[in-house]
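> For the record, in the sequence shown the residue sitting at position 6 is 23 according to my numbering, with numbers rising by one throughout.
Pasting a structure here, questions to come.
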Amino acid sequence: MKMLLDKMKPPRSKLPLSIVAVVVCAFTFIGALYIEDAGYLNFKAKSCSKQEPTPHSHESKRVEQNVSSSVEDDLLEDVDGDGKEGFDPDSCRVYRGKWVFNASVEPLYSDTSCPYLDRQVSCVKNGRPDSDYRYWEWQPDNCILPRFDPIGALEKLRGKRLMFVGDSLQRGQWESLICMVESSIPADQKSMRRGRSHSVFKAKEYNASIEFYWAPFLVESNSDLHIKPDPNDRILRVDSVFKHAKYWVGVDILVFNSYVWWMSGLKIKSLWGSFANGEDGYEELDAPVAYRIALKTWANWVDSTIDPNKTRLFFTTLSPTHMRSVDWHNKKGIRCYNETQPVMEKNFWGTGSDRRIMDVVTSVAERMKVPVSFINITQISNYRKDGHASVYTETQGEVLTDEQKADPLRYADCIHWCLPGVPDTWNRVFYAYL
Ligand SMILES: *[C@@H]1O[C@H](CO)[C@@H](O)[C@H](O)[C@H]1NC(C)=O
Ligand SMILES: *[C@@H]1O[C@H](CO)[C@@H](O)[C@H](O)[C@H]1NC(C)=O
Ligand SMILES: *[C@@H]1O[C@H](CO)[C@@H](O)[C@H](O)[C@H]1NC(C)=O
Ligand SMILES: *[C@@H]1O[C@H](CO)[C@@H](O)[C@H](O)[C@H]1NC(C)=O
Ligand SMILES: *[C@@H]1O[C@H](CO)[C@@H](O)[C@H](O)[C@H]1NC(C)=O
18 MKMLLDKMKP
28 PRSKLPLSIV
38 AVVVCAFTFI
48 GALYIEDAGY
58 LNFKAKSCSK
68 QEPTPHSHES
78 KRVEQNVSSS
88 VEDDLLEDVD
98 GDGKEGFDPD
108 SCRVYRGKWV
118 FNASVEPLYS
128 DTSCPYLDRQ
138 VSCVKNGRPD
148 SDYRYWEWQP
158 DNCILPRFDP
168 IGALEKLRGK
178 RLMFVGDSLQ
188 RGQWESLICM
198 VESSIPADQK
208 SMRRGRSHSV
218 FKAKEYNASI
228 EFYWAPFLVE
238 SNSDLHIKPD
248 PNDRILRVDS
258 VFKHAKYWVG
268 VDILVFNSYV
278 WWMSGLKIKS
288 LWGSFANGED
298 GYEELDAPVA
308 YRIALKTWAN
318 WVDSTIDPNK
328 TRLFFTTLSP
338 THMRSVDWHN
348 KKGIRCYNET
358 QPVMEKNFWG
368 TGSDRRIMDV
378 VTSVAERMKV
388 PVSFINITQI
398 SNYRKDGHAS
408 VYTETQGEVL
418 TDEQKADPLR
428 YADCIHWCLP
438 GVPDTWNRVF
448 YAYL
């Protein structure tokens, strides 16, 4: 691991610094953020003034239809004994609700108790002094989200392989889930093997595995393992997923995501056919266009390979970034630095959540034969400007120095989330649907 990190050190001088305020869908250069063993994710936040919440046209109709049934649902019995009584996955719109502060509910783990957390997200270890961010509970408006039950979750996974596939945000969700269950498993009954692209946690007495597979674009790119620090150098094989997908065969529960790597703000260099045909044969496409093509490639693979009677398919919707404090009217703020409270404005939607990408995922999934269950975390997480690692993270394998911490404009990570923290709630949602 250490060697890998050293090899991937990009030249310091390439770190961009300037923040240029631009209007209406122009791009704002934000900087380069370190993605642990994955190198640098060059990221640009967009300021797109047209991103006001749109009226929930067909959405609201569906909700009305479901109001009457949700009362009945509260009376459902807990037949499985997994603490999920009262939760009906078909009628609950989990993403509509609010964060409620509740200091009496302790997280199931800490970054010192759980041995599987990356330093990148171990905020307390990295010096984060405030603690409120760990005590917010998500409460949907019209249903009760079951509490996460470690044993209940392990029972659901008995005899199964669960695999998270995607980027470092997905890795965070994977680590969160493992940490939420691992203290219920005796030391000699669990194991962890970390690999460059495939990592496996095993719960032996349950014959269950919880795995992670690194594929930040889902489709193949020249920047999957040997990260190209400059987004300009990245080329995607938008019609090719097999190199990664062969590792997904035989898994019982697959959970995908892909978002933030598409948001470098430049055109996506999209190649059809193999790299051997010449790396110059690419087309430059807007991110949502390239994303749609890639996701269709992924969907075709799923529909032609996955037996829905054997395998369940989930997709975690995009994880918002909080790069622009003006989004939440903090004009003097520096990204998410020093934020210790969620946004309280109902339906808050920042510029770090690209609706076009949300829409692509929904429309591609609608046309698939294999049903996709969404872990719809975007709105939930949009409120949580306080949940990011900020300066309590690492860069190139080292915890930020005090000097670096004092330079949040350059170093605050407002993409990744502290653990324990917001991804625990994603897994609470996931558990409700499991
Ligand atoms: C906080 O959590 C406890 C334990 O689950 C619960 O009894 C209590 O009602 C919660 N308080 C609020 C304000 O939700
Ligand atoms: C353990 O789980 C795997 C699938 O992950 C399955 O193929 C195997 O039969 C299981 N073994 C036992 C003893 O249940
Ligand atoms: C899945 O199971 C159903 C009912 O048992 C069956 O009708 C269907 O053909 C199966 N689908 C596949 C792809 O095997
Ligand atoms: C961050 O918060 C600390 C403590 O509340 C305060 O002293 C400091 O001035 C804040 N820094 C910025 C840049 O807002
Ligand atoms: C996810 O939640 C958003 C609201 O944040 C909603 O508009 C969208 O329809 C949901 N997507 C799915 C697939 O449920």
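Where is the CB? At the ideal position from N, CA and C, for every residue including glycine.
None of the values given here were measured: they were computed from a predicted structure.
Count the other CB atoms, across all protein chains shown, that sit within 10 Å of the CB of F181; report buried if there are 16 or more and exposed otherwise.
Along the sequence shown, one-based indexing puts residue 181 at 164. By the 10 Å Cβ count, F181 comes out buried.
> As a quick exercise: from M340, V381 and V198, pick the residue whose alpha carbon is nearest that of D320.
For the purposes of this step, residue 320 is identified with residue 303 of the sequence shown, where counting begins at 1. Checked all of M340, V381 and V198; the closest Cα to D320 is V381.
> Answer yes or no: the CB of N326 versus the heavy atoms of ligand 7, is any distance below 7 Å?
Although ligand 7 was asked about, the structure shown includes only ligand 1, ligand 2, ligand 3, ligand 4 and ligand 5 as ligands.
> Which residues share a DSSP beta bridge with K284?
Start at 1 with the first residue of the sequence shown, and residue 284 comes out as number 267. Per DSSP, none; premise fails for K284.
> Between the stretch 167-176 and the stretch 110-120, can you find at least three pairs of beta-carbon atoms closer than 8 Å?
no
> Do the CB positions of T410 and Q137 come within less than 8 Å of each other?
Locating residue 410 in the sequence shown gives position 393, counting from the first residue. Locating residue 137 in the sequence shown gives position 120, counting from the first residue. In contact: T410 and Q137 (Cβ atoms closer than 8 Å).
> Mind listing which residues have their beta carbon within less than 7 Å of any non-hydrogen atom of ligand 2? Chain order is fine.
G176, K177, R178, N224, S226 and D269
> What would DSSP say about R178, mapped onto helix, strand or coil?
Position 161 of the sequence shown, counting from 1, holds the residue named residue 178. Reduced to three states, the DSSP call for R178 is strand.
> Looking at the secondary structure, which residues open and close the alpha helix (DSSP H) in which V198 lies?
Within the sequence shown, numbered from 1, the residue matching residue 198 stands at position 181. Element bounds for V198: S185 to E199.
> G369 to E199, Cα distance in whole Å?
Position 352 of the sequence shown, counting from 1, holds the residue named residue 369. Position 182 of the sequence shown, counting from 1, holds the residue named residue 199. Straight-line Cα distance between these residues: approximately 32 Å.
> Considering only residues of the same chain and omitting the five flanking positions on each side of V439, which have a CB-CB separation below 6 Å?
Taking the first residue of the sequence shown as 1, we reach residue 439 at position 422. Around V439: S398, R401 and G404.
> At which residues does the alpha helix (DSSP H) containing R373 begin and terminate?
Your numbering for residue 373 matches position 356 in the sequence shown. Start and end: R372 to E383.
> Does the Cβ of W153 have 16 or more other Cβ atoms within 10 Å, making it buried, or fewer, making it exposed?
Position 136 of the sequence shown, counted from the start, is the residue given in the question as residue 153. W153 should be labelled buried.
> Report the start-end ranges of each beta strand (DSSP E) in the stretch 230-269 that is 3 residues or longer and not cut off at the edges.
252-254
> Let me check one thing: in DSSP terms, what residues is R210 bridge-paired to?
As a first step, residue 210 must be located in the sequence shown, where it is residue number 193. Under DSSP, R210 takes part in a beta bridge, and its partners are V217.
> Nearest by alpha-carbon distance to W265: which of S185, T412 and L179 is it?
The count along the sequence shown starts at 1 and reaches residue 265 at position 248. That would be L179, whose Cα lies nearest to the Cα of W265.
> Taking the alpha carbon of A293 as the reference point, which residue from P157, R254, I432 and L426 has its own alpha carbon closest?
Stepping through the sequence shown from its first residue, residue 293 is reached at position 276. With distances taken between Cα atoms, A293 lies closest to R254.
> Within the same chain, show all residues whose beta-carbon is closer than 8 Å to that of A449, passing over the 5 residues directly before and after it, in chain order.
Here the question's residue 449 lines up with position 432 in the sequence shown. Answer for A449: K101, F104, P106, C109, V111, L162 and P163, listed in chain order.
> I need the boundaries of the alpha helix (DSSP H) containing R445, first residue and last residue.
Here residue 445 refers to the residue found at position 428 when the sequence shown is read from its first residue. Unbroken alpha helix (DSSP H) run through R445: V439 to Y450.
> Of all the options D344, N239 and H243, which has the alpha carbon lying nearest to the alpha carbon of I252?
By one-based count along the sequence shown, residue 252 stands at place 235. Nearest of D344, N239 and H243 to I252, Cα basis: N239.
> With distances taken Cα to Cα, identify the nearest neighbour of L342 among T333, R352, L335 and S193.
Here residue 342 is taken as the residue at index 325 of the sequence shown, counted from 1. Note that residue 342 is Ser in the sequence shown, not Leu. Answer by Cα proximity: R352.
> So, using beta-carbon positions, are S193 and D430 closer together than 8 Å?
Residue mapping note: residue 193 aligns to position 176 of the sequence shown, counting from 1. Residue mapping note: residue 430 aligns to position 413 of the sequence shown, counting from 1. Against a cut-off of 8 Å, the Cβ pair of D430 and S193 comes out as no contact.
> May I ask you to report which of helix, strand or coil DSSP gives W289?
As a first step, residue 289 must be located in the sequence shown, where it is residue number 272. W289 falls in the coil class under three-state DSSP.
> Check whether the stretch 141-152 touches the stretch 231-247, taking contact to mean three or more Cβ pairs, one atom from each stretch, closer than 8 Å.
These segments do not touch.
> Under DSSP, the alpha helix (DSSP H) around T314 begins and ends at which residues?
By one-based count along the sequence shown, residue 314 stands at place 297. From DSSP, the alpha helix (DSSP H) with T314 extends over A304 to T322.
> If you draw a straight line from the alpha carbon of N355 to that of K422, how long is it in whole angstroms?
Here residue 355 refers to the residue found at position 338 when the sequence shown is read from its first residue. Here residue 422 refers to the residue found at position 405 when the sequence shown is read from its first residue. Roughly 11 Å between the two C-alpha positions.
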